[in-house]
Each structure stands twice: as C-alpha cells, then as structure tokens.
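A.B. asks:
Residue numbers (the UniProt record's numbering): 1 to 210.
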C-alpha cells in the first residue's frame, strides 16, 4: 500500500489564470490630467446628446456610460481623482443646486413641512427595519453600508456624491485611505440614489400605461 501510494504522483496545483490587463491600465502613462478631463467632458456631452435623443435624464445615461467604459477598460478607475478635478466638480455641483432653491417660496415650505416630516420619519423607520433588523443587509455584507445606501434613496444625485466626499474626507487619515474609501463608498451611494430615480421614472411610465 505504501509503495502504491508513493508511486502516485500528486497532481500539480492549477495555476491561476493571468488577469487581463485593461486598456487604461496598459497605457496608464498616457492618461494625464488633461486627458482625463477631456474624457470626462466627452462623456458628459455624449450623455446630454443621448438624453435629447432618448428622453432619458442625462445624469442616468452618464452613470451607465461611466460604468460601461470603466468596465471595458477605456476609462481608468476614479477618473475625476486621477484628473485632479474632484474639487472643481464639487464646486460645479453646488453651483447647480443653489439656483434651484431660489424657486422655493416660504409658503411652499410651510405647506410641505408636515408631509415631509411624516414621510421622512416613516422612511427612516422602514430603512432601519430593512437594513438593521431584517436580513436585507446581507446583500451588501455590512449593516452600516446597507443603511447608508437605503437612506440615499431619499436623496439622489448629486447629493449622494457630495455625501460620499464629505464622509471620506472626515474619516480618512491620509490621501491613500481617502481614495480607498471613495472607491468603496461613492459607487454604492451614487448607484443606490440613481436606482431610486430610475424606479420612479419606470413607475411613472407604467402608471401612464394603465
């Protein structure tokens, strides 16, 4: 038995398949600050043009195109940070939000304050039960992250992006940790907020068909 077992040769362990190097990783040196800014502008213009053709909001199209191009490998990870334009984008986002607040009158706020408080309270309780008590948090693997994503359903873009930036800046001890946290937190919150927007659009379309 010993000779038989000794004669048996152990099968060599299967070598892991080499990871495919994406285009953006292979030619990383060519993705300078100006090149990253050019890609971001081109993606924005393409989203606006497709939005005019399809009637879909350009922000949703921009998110979809960004995910597709990043997964294909044409666009590098964290394009805005690589192009060192995150601060500028934050300023532009704030500048886009502030003018919309000028259309809200004090009378409108008084009329909406009670419904808003009720909806907010019910939503927070429902999100807490779903993400903290019930096992829905297992989809994300972390209760805190799941609760944050659920809470972002009431906000939408660009608020989700701004919250991600502020949270990561407050928690991170250095630039490396900041980039790591942004790569984990920002996609989840932004996609979660966009999912809420898409679901509302689909509900409106379906309601019109009934």
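A virtual CB, placed ideally from N, CA and C, is assigned to each residue, including glycine. These numbers come from a predicted model, not from an experiment.
1. Please give the ranges of any alpha helix (DSSP H) in the segment 74 to 158, keeping only runs that are unbroken, at least 4 residues long and fully inside the region.
2. With distance defined between alpha-carbon atoms, name the residue in 76, 187 and 95 nearest to residue 38.
3. Could you compute how far the alpha carbon of residue 176 sits from the alpha carbon of residue 36?
4. Would you say the segment 88 to 98 touches the segment 151 to 166, given that touching needs at least three Cβ pairs under 8 Å?
5. Just verifying my parser: in three-state terms, what is the DSSP assignment at residue 59?
6. Under the three-state reduction of DSSP, which class applies to residue 174: helix, strand or coil?
7. Indicate whether the contact test is met: 3 or more Cβ pairs, each with one atom in the segment 93 to 111 and one in the segment 47 to 64, closer than 8 Å.
8. Could you tell me the boundaries of the alpha helix (DSSP H) in which residue 43 lies?
9. Rounded to the nearest angstrom, how far is the Cβ of residue 23 from that of residue 83, given a contact under 8 Å?
10. Measure the Cβ-Cβ separation of residue 145 and residue 168 and say whether it is below 7 Å.
11. Going by other Cβ atoms of all chains shown within 10 Å of its Cβ, with 16 needed for buried, is residue 94 buried or exposed?
12. Under DSSP, the alpha helix (DSSP H) around residue 26 begins and ends at which residues?
13. Does the beta-carbon of residue 47 have 16 or more other beta-carbons within 10 angstroms, so that it is buried, or is it exposed?
14. By a C-beta neighbour count over all protein chains shown, 10 Å radius and 16 as the cutoff for buried, is residue 107 buried or exposed?
15. Grab me the residues of residue 78's own chain with a C-beta within less than 8 Å of its C-beta, minus the 5 sequence neighbours each way, in chain order.
16. On the criterion of 16 or more Cβ atoms from any shown chain inside 10 Å, does residue 61 qualify as buried, or is it exposed?
17. Given that a residue counts as buried once 16 or more other Cβ atoms are within 10 Å of its Cβ, and exposed if not, what is residue 104?
C.D. replies: In terms of the structure at hand:
1. 79 to 82, 86 to 101, 106 to 128 and 143 to 151
2. 76
3. 20 Å
4. yes
5. helix
6. coil
7. no
8. 33 to 54
9. Their Cβ separation, rounded to whole angstroms, is 17 Å, which puts residue 23 and residue 83 out of contact at 8 Å.
10. no
11. exposed
12. Start and end: 23 to 26.
13. buried
14. exposed
15. Excluding positions up to five away in sequence, the list reads 179, 182 and 183.
16. Around the beta-carbon of residue 61, 16 or more other beta-carbon atoms lie within 10 Å, marking it buried.
17. exposed
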